[in-house]
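Residue numbers (the working numbering), protein chains in the order written: chain A, 7 to 156; chain B, 7 to 156.
2 protein chains.
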Amino acid sequence: MIEDLGRAMIEALEEDIREKFRRSGYTLTSQRRAVLDALEEAGGHPSTEDVYLIVKQKNPRVALGTVYQALSVLEEIGVITSKHWAESPTRYDLNVRPHLDIRCTRCSQVSEVPGVELGNLESQIRQNTPYEVQSTTLVVEGLCPNCQKG
Amino acid sequence: MIEDLGRAMIEALEEDIREKFRRSGYTLTSQRRAVLDALEEAGGHPSTEDVYLIVKQKNPRVALGTVYQALSVLEEIGVITSKHWAESPTRYDLNVRPHLDIRCTRCSQVSEVPGVELGNLESQIRQNTPYEVQSTTLVVEGLCPNCQKG
DNA sequence: TGCAAAACAGGAACGGTTATTGATCGAGGA
DNA sequence: TCCTCGATCAATAACCGTTCCTGTTTTGCA
Chain A
7 MIEDLGRAMI EALEEDIREK FRRSGYTLTS QRRAVLDALE EAGGHPSTED
57 VYLIVKQKNP RVALGTVYQA LSVLEEIGVI TSKHWAESPT RYDLNVRPHL
107 DIRCTRCSQV SEVPGVELGN LESQIRQNTP YEVQSTTLVV EGLCPNCQKG
Chain B
7 MIEDLGRAMI EALEEDIREK FRRSGYTLTS QRRAVLDALE EAGGHPSTED
57 VYLIVKQKNP RVALGTVYQA LSVLEEIGVI TSKHWAESPT RYDLNVRPHL
107 DIRCTRCSQV SEVPGVELGN LESQIRQNTP YEVQSTTLVV EGLCPNCQKG
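Next up, the structure:
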């Protein structure tokens with residue numbers, strides 16, 4: 007039952023991804039597929055380097071530049087989201103659902119912050135600026151429980 | 007009247023800065039002073055390079071590395087805040103009051119978004135994470151009115 | 001199956017940032 | 001006032017994440 011639900015969700019996500027590629031005109035190549043798989047496998051919020059290492063395990067011929075380019079395409083068509091932290095490489099996340107992440111300034115671990123209501127923040131912003139808003143990201147940093155001890 | 011108010015605010019800010027240096031143990035050197043002045047003069051949200059160029063006009067001997075280090079100290083003691091945008095160098099801002107900025111993804115211009123109520127977002131976050139929250143920054147990007155035409 | 005366009009691999013180059021090193025400054029004590 | 005010692009600075013090399021470039025391979029399409 008739960009497994010079926012999981013599979014259904016993955017199916018829906020799959021279809022969504024194919025649709026986004028179709029609309030954009032980009033092709034869903036095996037390398038881009040591998041980058042997506044690596045993002046899923048990595049879980050958390052992998053850096054480009056992390057993704058590259060996972061992809062490389064399965065296909066050692068894939069170049070780092072290709073991973074950069076694939077991530078950029080995936081972000082452009084709205085499949086993934088990038089986040090830019092201080093003193094840390096860019097990290098990526100599948101666009102499964104809107105959520106809030108916090109990063110530890112000491113060990114760089116990223117965790118999700120549950121139960122925060124962003125509410126109508128984005129619509130408020132749209133109302134108060136003449137800009138055409140493309141993205142709003144909340145960047146939260148702090149010390150994780152482990153690093154608080156040290 | 008208004009000028010007096012402005013001067014009073016600057017005085018208060020000055021005292022706050024001196025206090026923060028005192029508490030931290032760092033010294034408020036002429037170079038750090040110059041970096042602060044440059045931040046004020048630049049207005050907007052200058053990059054390290056912008057600050058460096060302004061500082062250099064008055065004191066050509068100051069090195070870029072010194073500006074980096076000064077900005078890092080100023081941020082550490084809470085006088086300024088850094089913001090990290092995609093594909094763009096770090097930009098800095100004096101901690102005058104909490105506010106929200108938006109950056110144009112085409113021309114990199116940064117403007118303030120008025121009238122957005124962040125409300126109890128930070129306290130919500132603190133309640134929902136075991137992390138010791140150090141900073142929360144809302145990063146908003148879009149197209150400025152000028153670039154929408156192009 | 002053949003052709004044009006897109007994507008890729010590999011590696012060099014770039015740009016923002018940090019690290020290093022020796023010189024200089026400046027607060028506090030003799 | 002002069003000295004001392006730690007903090008800060010200037011100058012520059014090194015670092016690292018990212019982008020760019022070139023020739024090759026793959027893909028979509030006729």
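Glycine is no exception: its CB is placed at the ideal position from the N, C-alpha and C atoms.
Small disclaimer: the values here were computed from a predicted structure and weren't measured.
Asked                                                                                                                                                                         : Found
Is there at least one Cβ from chain B nearer than 8 Å to A/Q75's Cβ?                                                                                                          : no
Judging by CA-CA distance, which residue of B/E123, B/Q133, B/C110 is the nearest neighbour of B/Q154?                                                                        : B/C110
If we call anything under 8 Å between Cβ atoms a contact, is B/E46 one with B/L100?                                                                                           : yes
Mind checking the region 64-92 of chain A against chain B and listing, in chain order, the residues whose C-beta falls within less than 8 Å of any C-beta there?              : S88, H90, W91, A92
Take A/E20 as the anchor and find which of A/E93, A/P52, A/L42, A/Y32 has the nearest alpha-carbon.                                                                           : A/L42
Specify the secondary structure class of B/V146 as computed by DSSP and reduced to three states.                                                                              : strand
Is the separation between the beta-carbon of B/L149 and that of A/Q130 shorter than 8 Å?                                                                                      : no
Hey, is B/S114 close to the ligand MG, as in C-beta under 7 Å from one of its heavy atoms?                                                                                    : The ligand MG is not part of the structure shown, which contains no ligands of any sort.
May I ask you to verify whether the region 59-67 of chain B touches the region 113-123 of chain B, counting CB pairs closer than 8 Å and requiring at least 3?                : no
Give me, in chain order, the residues of the same chain whose beta-carbon lies closer than 7 Å to that of A/A76; leave out the 5 immediate sequence neighbours on both sides. : Q37, R38, V41
Work out the CA separation of B/E138 and B/S30 for me, nearest whole Å.                                                                                                       : 20 Å
Closer than 8 Å, CB to CB, is B/N101 near chain A or not?                                                                                                                     : no
Can you pull the chain A neighbours of B/T143, defined as C-beta to C-beta under 7 Å?                                                                                         : V145
Compute the Euclidean distance between the alpha carbons of B/P52 and B/S94, then round it to the nearest angstrom.                                                           : 11 Å
Output yes if chain A places a C-beta closer than 8 Å to the C-beta of B/V116; else output no.                                                                                : no
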